[in-house]
Amino acid sequence: MSQFDTDASPEALRVAVLSWLDTHWDSENRRPLTEPTYERRHWRQQVLEAGLAVPSWPSEWFGLGMTSAQCKVIEKAFAERNAPGTGLDRYHLGAITVFKAGSDALKHEMLPELLTGPICCLLYSEPNAGSDLAGIRTRAERDGEQYVINGQKVWTSNAREADYGMLLARTDWDAPKHRGITFFLFPMKQPGVEIRPINQITGESEFNEIFIENAVVPERFMIGNLNEGWGSFQTAIAYERLIMGQGITGRRRNSATRSRPPLLELAEKTHKLNDPVIRQRLAQALAYREVNNLNNERAMTEMMTKGSMSLMSLSKLAMSRIQHGEAAIATDLLGPEALLDGPDNSDAANTNFDAAKAYMNSIGGGTDQIQRNIIAEKVLGLPKEHEPDKGIAFREVKSGTGPRTTG
Amino acid sequence: MSTIQESEREEIREALVRFLRAEAGEERLRECMQRDRGYDDAVWRQLADMGLLGITISEAYGGIGGSTLDAAMVAAELGRSLLPVPFIETCVIAPALIESSDVAEKMGEVLSSIAQGTATIAIGGNATLAPYRDATCTLKIEDSNRISGEVSLVMHGAHADYLLLAIDSESQTRCFMVSADTEYAVEEQTANDPALRPATIRLNCARGIELTGLKPDDLERVRLQGVATLSALQTGAMRAMFEITVDYLKTRYQFGRPIGSFQALKHIAADLFLEVESATSAAHAAANALASADSLAARSVALAGFICNDAFRDVSAQAIQLHGGIAYTREHVAHLYWRRARATLSMLGDSNTHREAYLSTWETAA
Chain D
1 MSQFDTDASP EALRVAVLSW LDTHWDSENR RPLTEPTYER RHWRQQVLEA GLAVPSWPSE
61 WFGLGMTSAQ CKVIEKAFAE RNAPGTGLDR YHLGAITVFK AGSDALKHEM LPELLTGPIC
121 CLLYSEPNAG SDLAGIRTRA ERDGEQYVIN GQKVWTSNAR EADYGMLLAR TDWDAPKHRG
181 ITFFLFPMKQ PGVEIRPINQ ITGESEFNEI FIENAVVPER FMIGNLNEGW GSFQTAIAYE
241 RLIMGQGITG RRRNSATRSR PPLLELAEKT HKLNDPVIRQ RLAQALAYRE VNNLNNERAM
301 TEMMTKGSMS LMSLSKLAMS RIQHGEAAIA TDLLGPEALL DGPDNSDAAN TNFDAAKAYM
361 NSIGGGTDQI QRNIIAEKVL GLPKEHEPDK GIAFREVKSG TGPRTTG
Chain U
1001 MSTIQESERE EIREALVRFL RAEAGEERLR ECMQRDRGYD DAVWRQLADM GLLGITISEA
1061 YGGIGGSTLD AAMVAAELGR SLLPVPFIET CVIAPALIES SDVAEKMGEV LSSIAQGTAT
1121 IAIGGNATLA PYRDATCTLK IEDSNRISGE VSLVMHGAHA DYLLLAIDSE SQTRCFMVSA
1181 DTEYAVEEQT ANDPALRPAT IRLNCARGIE LTGLKPDDLE RVRLQGVATL SALQTGAMRA
1241 MFEITVDYLK TRYQFGRPIG SFQALKHIAA DLFLEVESAT SAAHAAANAL ASADSLAARS
1301 VALAGFICND AFRDVSAQAI QLHGGIAYTR EHVAHLYWRR ARATLSMLGD SNTHREAYLS
1361 TWETAA
């Protein structure tokens, strides 16, 4: 029997979690009370054993069977004590996918490990499978008790640090595209896995290309059934989109509504705060941010009270017009100065960075256009467009990359 | 705060939805557009029987003492049905002004008549709280509360039981009630929306009763209540038009498939859905801020003001485009929503004015 009662009032739960933290966590020095320094694996192990790592999961699977409202209470209590380690049932994509789609054997073997130590990366997109992700061409071929993997993946963050990759690979080339894919928990630290960082338009290199040549994955690391990986993957991607749209909201609401926004400061600094055209654009930009916060609050309430997810789908699309729009105004505020860059020109450098970084939201995790398809089809119930590759063997499907040079 | 609980509000809303479906469908609406008032007076009295016309009026004067949240709930459903009744003027702005004034008790009978559905009020003038502000209005306040001059854009001016004239005079706003028994001339104006009934009023030393004791804060609060209620009305209307459009996209076939399967159209639908939901969130936040006397209510209302204006305009305009030729006919309902959207764009302040007000609230933020 757990010390955290699902029937307890929110306040009683908060007190119980705080008292657990106070006997295990040194909030001042941000380390476990029993250890001289913070070590992720050790602390996570303690949180996991208490059921607090994944509180919404049932007690037979490392959790406490808490509702999402109760999980919020737990997260708040952790935040009060500056303690990490809870909410993995919302953020740990690898563990969530294994929990939702994996066999009991895989869950028993891998969840305790995934939830305490290893980092997972996502091996989804390929150069020829972006928006049309089900068009992947990385192949997995059976060889005794293991599968041999060959292919190329792209847009993988944390690849260098990762111990495992959530891998989508093709296992049947004669089935239609969605029905020949299998999902694997792929060990990253092995020969035949080459990682090359991508130089991004922001100057960052958070993403990588992964070249896989005759690398192997044990059959028991298959997530879900052979050729049914697309369904398991849907579980994973739904969480990713949710996190992308939400990430920035909620916690910031108070400061966002009470204090002066940075764009206003820039308008003042550039002596354009009295320009009536700029004023209209500033108001519209601030409004888009505020209505997105309001939409997210409503989305949360609707999800809690009615279980409705329809509003959730809007946030990522709304964030694109916010980020691109704000960068456009900042560029106009700076005028010719915006062509400069570098540490000597920090306003210009920040603005140019933001203008480029906005594509991260409007392309990453599904482009705005894909997101509009999803809203129109899944929320509004509009019919799917004609799909020429539907129902035909994947090896017959046409493919092409498009040119990549100037002029 | 409202005297009405959230669960009660939902019950009232459901009853109102049932009533409007039965009594104010499109056919009835079109038939009533031909009549003098543009709406059926019996429907107005039935709204009174349901207690909805006194929804913001104090219980002491025969109302039910609700807040802006309650008025917004009613307005959203009226907007959905396109019923062209003077709800915002008669049931939100006028009662709030009267109750904030020193003459509330003296005007108690007017308030209870509003709640009973036996009195409607038309509002005109050059003050910002006049729903359709007439900048060219020549109204002058003469000695002993006599009013002379001309004012246009007075909605339902020809049929109202009282005129409420909101006049900016010597850097203050003064409000007067003029009974329809008083002698003044009325000339109806032609409206683009066939259901609306604007009028020009000419007064010559007509006797008014001043709503004395109104402070600038009172006037501003009432204006905000009006804008928040209008925003809710717009969200109801735009959602109805949006739902009709999505249904059309699912059922209209061209090239052997539903036109809603074309990405060119479904992407517009997805964008409009974002507009409708954003407007709904903004309108709700505005009404809620007023009902809970939030110190940032002016910001929330300004936000709802332009977000809802623009969204209603865009949703109804795109609704015609997405329907194609069928919505270019008067038989189709789309143009009625489109005309109503265009008619509300300048009601209680246009979008640019709201945006400017919204930005100002951020400038003063710490």
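Protein chains in written order, with my numbering: chain D, 1 to 407; chain U, 1001 to 1366.
Even for Gly, the Cβ is constructed at its ideal location relative to N, Cα and C.
Keep in mind the model is a prediction, meaning the values are calculated, not measured.
Q. According to DSSP, which residues form a beta bridge with lysine 153 of chain D?
A. In the first sequence, the residue the question calls residue 153 of chain D occupies position 153. Answer by DSSP bridge pairing, in chain order: D:Ile210.
Q) Shorter than 7 Å from the beta carbon of valine 1301 of chain U to some beta carbon of chain D? A) By one-based count along the second sequence, residue 1301 of chain U stands at place 301. Residue contact with chain D for valine 1301 of chain U: absent (no Cβ-Cβ distance below 7 Å to any residue of chain D).
Q.
For tryptophan 25 of chain D, which residues in the same chain have their Cβ closer than 7 Å to its Cβ, ignoring the five residues on either side in sequence?
A. Residue numbering aside, residue 25 of chain D sits at position 25 when the first sequence is read from its first letter. If we look at tryptophan 25 of chain D and ignore the five residues flanking it on each side, its Cβ neighbours are Pro32, Leu33, Arg81, Ala83.
Q. Using 7 Å as the limit for Cβ to Cβ distance, is leucine 1348 of chain U near chain D?
A. Residue 1348 of chain U sits at position 348 when you count from the first residue of the second sequence. Closer than 7 Å: no.
Q: Give the range of the alpha helix (DSSP H) segment to which alanine 420 of chain D is assigned.
A: With chain D running from 1 to 407 in the structure shown, residue 420 of chain D is simply not present.
Q) Which word fits arginine 395 of chain D, buried or exposed, when buried means at least 16 other C-beta atoms lie within 10 angstroms of its C-beta? A) Within the first sequence, residue 395 of chain D is the residue found at index 395, counting from 1. If you draw a 10 Å sphere on the C-beta of arginine 395 of chain D, you find fewer than 16 other C-beta atoms in it, and that means exposed.
Q. Which residues in chain D sit within 9 Å of proline 1258 of chain U, going by Cβ to Cβ distance?
A. As a working mapping, residue 1258 of chain U is identified with position 258 in the second sequence. The answer, in chain order, is Leu382, Pro383.
Q. Is threonine 351 of chain D helix, strand or coil by DSSP?
A. The sequence position of residue 351 of chain D within the first sequence is 351, counting from 1. Three-state DSSP puts threonine 351 of chain D in a helix.
Q. Alpha carbon to alpha carbon, what distance is there between methionine 309 of chain D and alanine 105 of chain D?
A. As a first step, residue 105 of chain D must be located in the first sequence, where it is residue number 105. As a first step, residue 309 of chain D must be located in the first sequence, where it is residue number 309. Roughly 31 Å separates the two Cα atoms.
Q: Report buried or exposed for phenylalanine 1255 of chain U, applying the criterion of at least 16 other Cβ atoms within 10 angstroms of its Cβ.
A: For the purposes of this step, residue 1255 of chain U is taken as residue 255 along the second sequence, with counting starting at 1. For phenylalanine 1255 of chain U, the number of other beta carbons within 10 angstroms of its own is below 16, and it is reported as exposed.
Q. Do the stretch 1244-1255 of chain U and the stretch 1342-1356 of chain U meet, that is, are 3 or more Cβ pairs less than 8 Å apart?
A. The way I'd put it, the stretch 1244-1255 of chain U doesn't touch the stretch 1342-1356 of chain U; fewer than three beta-carbon pairs between them come closer than 8 Å.
Q) So, helix, strand or coil for aspartate 89 of chain D, using DSSP? A) Here residue 89 of chain D is taken as the residue at index 89 of the first sequence, counted from 1. Residue state, collapsed to three classes: helix.
Q: Could you tell me whether the Cβ of arginine 281 of chain D comes closer than 7 Å to any Cβ of chain U?
A: Locating residue 281 of chain D in the first sequence gives position 281, where the first residue counts as 1. Chain U, which has no Cβ nearer than 7 Å to the Cβ of arginine 281 of chain D, makes this no.
Q) What number of angstroms, rounded off, separates the C-alpha of leucine 266 of chain D from the C-alpha of arginine 281 of chain D? A) One-based indexing of the first sequence puts residue 266 of chain D at position 266. One-based indexing of the first sequence puts residue 281 of chain D at position 281. Between leucine 266 of chain D and arginine 281 of chain D, the C-alpha separation is close to 13 Å.
**Q.** Cutoff 7 Å: glutamate 1277 of chain U Cβ touching any chain D Cβ
**A.** As a first step, residue 1277 of chain U is located in the second sequence; it is residue number 277 there, counting from the start. Answer yes: the Cβ-Cβ gap between glutamate 1277 of chain U and chain D drops below 7 Å somewhere.
**Q.** Three-way DSSP call (helix, strand, coil) for lysine 1215 of chain U in this model
**A.** Counted from its first residue, the second sequence places residue 1215 of chain U at position 215. Of the three classes helix, strand and coil, the one that applies to lysine 1215 of chain U here is coil, per DSSP.
Q) Considering only residues of the same chain and omitting the five flanking positions on each side of arginine 1339 of chain U, which have a CB-CB separation below 7 Å? A) Position 339 of the second sequence, counted from the first residue, corresponds to residue 1339 of chain U. Leaving aside the five residues that flank arginine 1339 of chain U on each side, the residues in its chain whose CB is nearer than 7 Å to its CB run, in chain order, Asn1192, Asp1193.
Q) Which residues in chain D sit within 9 Å of glutamate 1356 of chain U, going by Cβ to Cβ distance? A) Reading the second sequence from its first residue, position 356 is the one you call residue 1356 of chain U. For the C-beta of glutamate 1356 of chain U, the chain D residues within less than 9 Å are, from N- to C-terminus, Pro276, Arg279, Gln280, Ala283.
Q) Under a three-way DSSP split, which group does phenylalanine 62 of chain D fall into? A) Position 62 of the first sequence, counting from 1, holds the residue named residue 62 of chain D. Three-state result, phenylalanine 62 of chain D: coil.
(Q) For leucine 333 of chain D, which residues in the same chain have their Cβ closer than 6 Å to its Cβ, ignoring the five residues on either side in sequence? (A) The residue labelled residue 333 of chain D in the question sits at position 333 within the first sequence. So the qualifying residues of the chain are Leu266, Ala267, Thr270, Lys272.
**Q.** Within-7 Å CB hit, glycine 247 of chain D to chain U
**A.** Here the question's residue 247 of chain D lines up with position 247 in the first sequence. Here glycine 247 of chain D scores only 44 on pLDDT, less than 50, and its place in the model should not be relied on; the value that follows carries that caveat. Among the residues facing chain U, glycine 247 of chain D is not included, as its CB has no counterpart in that chain under 7 Å away.
Q) Which one of D:Gly117, D:Glu204, D:Arg196 has the shortest CA to CA distance from tyrosine 429 of chain D? A) Because residue 429 of chain D is not part of the residues shown, which for chain D are 1 to 407, the question remains open.
Q. In the stretch 36-60 of chain D, which residues sit with their C-beta less than 7 Å from some C-beta in chain U, listed in chain order?
A. Against chain U - using a Cβ distance shorter than 7 Å - the stretch 36-60 of chain D contributes no residues.
Q: Measure the C-alpha to C-alpha separation of arginine 1133 of chain U and valine 1333 of chain U and round it to an integer number of angstroms.
A: On the second sequence, position 133 is the one that residue 1133 of chain U refers to. On the second sequence, position 333 is the one that residue 1333 of chain U refers to. Per the coordinates, the alpha-carbon of arginine 1133 of chain U lies some 28 Å from the alpha-carbon of valine 1333 of chain U.
Q. How about the stretch 315-333 of chain D and the stretch 1280-1298 of chain U: do they share at least three Cβ pairs that are nearer than 8 Å?
A. In short, these stretches do not touch, since the Cβ pair count stays below three.
Q.
Against chain U, which members of the stretch 177-194 of chain D pass a CB distance test of less than 7 Å?
A. Within the stretch 177-194 of chain D, no residue has a Cβ that lies closer than 7 Å to any Cβ of chain U.
Q: Can you check the stretch 1194-1242 of chain U for any alpha helix (DSSP H) of at least 4 residues that lies completely inside it and give the ranges in chain order?
A: Not a single unbroken stretch of the alpha helix (DSSP H) spanning 4 or more residues falls wholly within the stretch 1194-1242 of chain U.
Q. DSSP state of cysteine 1137 of chain U, grouped into three classes?
A. The residue you call residue 1137 of chain U lines up with position 137 of the second sequence. Residue state, collapsed to three classes: coil.
Q | Per DSSP, the bridge partner or partners of glycine 381 of chain D | A | As a first step, residue 381 of chain D must be located in the first sequence, where it is residue number 381. Glycine 381 of chain D is not bridged to any residue.
**Q.** Cβ-Cβ separation, leucine 1211 of chain U to serine 1101 of chain U (assumed contact under 8 Å), whole Å
**A.** Position 101 of the second sequence, counted from the start, is the residue given in the question as residue 1101 of chain U. Position 211 of the second sequence, counted from the start, is the residue given in the question as residue 1211 of chain U. Their Cβ separation, rounded to whole angstroms, is 4 Å, which keeps serine 1101 of chain U and leucine 1211 of chain U in contact under 8 Å.
Q.
DSSP three-state label for phenylalanine 394 of chain D, please.
A. By one-based count along the first sequence, residue 394 of chain D stands at place 394. When secondary structure is reduced to three states using DSSP, phenylalanine 394 of chain D falls in the helix class.
Q. Given a threshold of 16 other Cβ atoms within 10 Å of its Cβ, counted over all protein chains shown, does serine 1113 of chain U qualify as buried or as exposed?
A. Along the second sequence, read from residue 1 onward, the residue named residue 1113 of chain U stands at position 113. Serine 1113 of chain U should be labelled buried.
(Q) I'd like to know whether the C-beta atoms of alanine 1199 of chain U and alanine 1166 of chain U end up nearer to each other than 7 Å. (A) Locating residue 1199 of chain U in the second sequence gives position 199, where the first residue counts as 1. Locating residue 1166 of chain U in the second sequence gives position 166, where the first residue counts as 1. No, these two residues do not count as a Cβ contact at 7 Å.
Q. Going along chain U, which residues have a C-beta under 9 Å from isoleucine 74 of chain D?
A. One-based indexing of the first sequence puts residue 74 of chain D at position 74. Here the premise fails: no neighbours, minimum Cβ distance about 28 Å.
**Q.** Selected residue, minimal CA-CA separation from isoleucine 201 of chain D, among D:Arg41, D:Leu264, D:Tyr359, D:Ala50
**A.** Taking the first residue of the first sequence as 1, we reach residue 201 of chain D at position 201. Closest by alpha carbon: D:Tyr359.
Q) Considering only C-alpha positions, which residue in the set U:Arg1080, U:Cys1308, U:Val1276 is nearest to aspartate 1350 of chain U? A) Taking the second sequence and counting its residues from 1, one reaches residue 1350 of chain U at position 350. Of the listed residues, the one whose Cα sits closest to aspartate 1350 of chain U is U:Cys1308.
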